[in-house]
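For the sequence shown, my numbering assigns the number 471 to the initial residue and increments by one for each residue that follows.
Yeah, the Cβ is synthetic: ideal placement off N, Cα and C, and Gly gets one too.
These numbers come from a predicted model, not from an experiment.
Take a look at the structure set out below.
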Amino acid sequence: MVQIIDKIVNLEFSLGQHLHCMVAQIPNRLSKLDLGFVLTDPEEKWAQIRGILDMVIEGEGNLKKLHFLMFPEAALPFNRFDETLDIIGRNFRPNTVTIFGVEPIRLQTYRELLERFRDDNGDVIEAVDRDIEGGNVLEMPVNWCCIAIKEATGKLRVFLEAKSHPFHAEELLDKYHDLYKGRHFYFFHSQPACFNFMALICLDYLYRNLYSSNIKQIIDHANQLFFTTRQGLDAIFVIQCNPKPEHNSYRDVISGFYGEYLEDTPGVRETVTIFGNSSSETVLEGVSPTSGYGHSYVVINRHHKVGKHTSREFRTDDFDGAPVCRLRFGAETRLYYFNLPPYHELDPRNSRVSLKLHSIMRWNDHGEWEKLPGEELSTV
């Protein structure tokens, strides 16, 4: 299984106030090459992403309060990686975390990036080098993501993670279709804010072998943190390009994560889990068309007060009887802007809903992001 690496980052979130998150549910159009999947429309995709970055920089309305911005798995063209980091480093506000998946690259290139950002990723280089020394793997494709953190001082820190879970092409006999398996997850400790979070790539949330699982490791790690410091894991951000985002496997893991069926799990009891998927316009070459993409959602403990609501763009439910409250979005290309519920235990004297949806935006025919009018969010 993967190693969980603790990292302290300097984020000065307002104590006692809720944080704000934007999920970019945008389409991926990918074709299959020996390298893996690559974007077929990189310029159009960059226009969408650049429009989001510019909107965050402008900070119209309460976007100035944005703390977490997440894009789907494999969303950013690799040739725009440096430009994206430059924009974030130069223009984003301090105390901002941006999580984005990038086009697959070869392991050799991934290793070079780890070296380039050694100050933040030095702990994982040894494990990658052991893999490289163990065989001819430099040409293997790597599905990876970047967590770019602009600290309170304005310093930009860059953390890289490679997906640890296999994918469908590994069912082939040809080993050159295999995906490189990442060896680590970062567990971020925000100080002085005391807000702890992680980022995973899609099926990494589910992955297990006969003896353990990624999610059990995360629970155990968070529990140990709770028993020693009385802190826990506040949020998990799961980026996806997933045609089955609501598969029973996700419901099963979510139920175990929040249900405490076998043991007490105080380290994750109040964790907020955000699944950010690509939209229904996603197309993967060689994969049968499906209407399953989209439906990003937010999951919180069932003890929060979230009433039943259904509209054209979102609904609330319990994920088919799971011990959770869920805010579940639609499938179309959208930006969802909402707050993360603050800590933690429900105050019975307060009737205020802990999870608030601030706005939903769509990509229009003029190549711009626009806010949906209120009537389109009305209850149906």
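Alpha-carbon spacing of residue i relative to residue j, whole angstroms
{"i": "Asn606", "j": "Tyr720", "result": "34 Å"}
{"i": "Leu453", "j": "Leu584", "result": "Here the chain has residues from 471 to 850 only, and residue 453 is not among them."}
{"i": "Phe538", "j": "Ile569", "result": "8 Å"}
{"i": "Asn684", "j": "Glu621", "result": "28 Å"}
{"i": "Phe696", "j": "Val738", "result": "9 Å"}
{"i": "Leu842", "j": "Gln694", "result": "43 Å"}
{"i": "His779", "j": "Thr786", "result": "5 Å"}
{"i": "Trp516", "j": "Asp552", "result": "13 Å"}
{"i": "Arg796", "j": "Ser725", "result": "12 Å"}
{"i": "Asn532", "j": "Lys826", "result": "13 Å"}
{"i": "Leu489", "j": "Asn666", "result": "12 Å"}
{"i": "Lys651", "j": "Thr698", "result": "31 Å"}
{"i": "Ser484", "j": "Thr566", "result": "13 Å"}
{"i": "Leu703", "j": "Asp589", "result": "24 Å"}
{"i": "Trp839", "j": "Tyr728", "result": "35 Å"}
{"i": "Met471", "j": "Gly777", "result": "38 Å"}
{"i": "Arg550", "j": "Asn718", "result": "35 Å"}
{"i": "Arg804", "j": "Glu751", "result": "11 Å"}
{"i": "Arg772", "j": "Asn809", "result": "17 Å"}
{"i": "Leu732", "j": "Leu680", "result": "18 Å"}
{"i": "Ser660", "j": "Asp835", "result": "40 Å"}
{"i": "Lys502", "j": "Val823", "result": "44 Å"}
Residue i vs residue j beta-carbon contact at 8 Å
{"i": "Ala669", "j": "Glu631", "result": "yes"}
{"i": "Gln495", "j": "Ser829", "result": "no"}
{"i": "Ile478", "j": "Leu523", "result": "no"}
{"i": "Ile474", "j": "Phe655", "result": "yes"}
{"i": "Ile709", "j": "Gly746", "result": "yes"}
{"i": "Gly800", "j": "Phe789", "result": "no"}
{"i": "Ala545", "j": "Gly529", "result": "no"}
{"i": "Pro542", "j": "Asn498", "result": "yes"}
{"i": "Val753", "j": "Val794", "result": "no"}
{"i": "Val742", "j": "Tyr675", "result": "no"}
{"i": "Pro574", "j": "Pro611", "result": "yes"}
{"i": "Ile671", "j": "Cys491", "result": "no"}
{"i": "Arg678", "j": "Val594", "result": "no"}
{"i": "Met540", "j": "Val493", "result": "yes"}
{"i": "Asn613", "j": "Gly506", "result": "yes"}
{"i": "Leu500", "j": "Glu755", "result": "yes"}
Close-in-space but distant-in-sequence residues of the same chain around residue i (CB under 6 Å, 5 per side omitted)
{"i": "Glu609", "result": "Arg576"}
{"i": "Phe562", "result": "Lys620"}
{"i": "Arg627", "result": "Asp590 and Ile619"}
{"i": "Ser766", "result": "Val493, Gln495, Phe745, Gly746, Asn747 and Phe799"}
{"i": "Cys711", "result": "Asn498, Pro542, Glu543, Ala544 and Ser748"}
Contacting residues, own chain, Cβ-Cβ under 8 Å from residue i (five flanking each side not counted)
{"i": "Ile602", "result": "Leu577, Arg581 and Leu608"}
{"i": "Val850", "result": "Because Val850 sits at a pLDDT of 48, beneath the cut-off of 50, its placement in the model cannot be relied upon, and the point is left open."}
{"i": "Gly624", "result": "Pro564"}
Own chain partners of residue i with C-beta closer than 7 Å, once the 5 adjacent residues on each side are dropped
{"i": "Gln518", "result": "Ile496 and Trp833"}
{"i": "Cys664", "result": "Gln701"}
{"i": "Ser682", "result": "Met471"}
{"i": "His691", "result": "Ile474 and Phe657"}
Within the region 686-762, ranges of the beta strand (DSSP E) (whole runs, at least 3 residues): Here the runs fully enclosed are 705-709 and 742-746.
Unbroken stretches of the beta strand (DSSP E), 3 residues or longer, contained in the region 533-615: When DSSP assignments are scanned along the region 533-615, the uninterrupted stretches of beta strand (DSSP E) that are 3 or more residues long and fall wholly within it turn out to be 536-540 and 566-576.
Length at least 4, wholly inside the region 650-692: the alpha helix (DSSP H) runs in chain order: Runs of the alpha helix (DSSP H) lying entirely within the region 650-692 and spanning at least 4 residues: none are present.
Every unbroken beta strand (DSSP E) inside the region 780-840 [3 residues or more]: Within the region 780-840, the runs of beta strand (DSSP E) that reach at least 3 residues and sit entirely inside it are, in chain order, 784-787, 794-799, 804-810 and 827-833.
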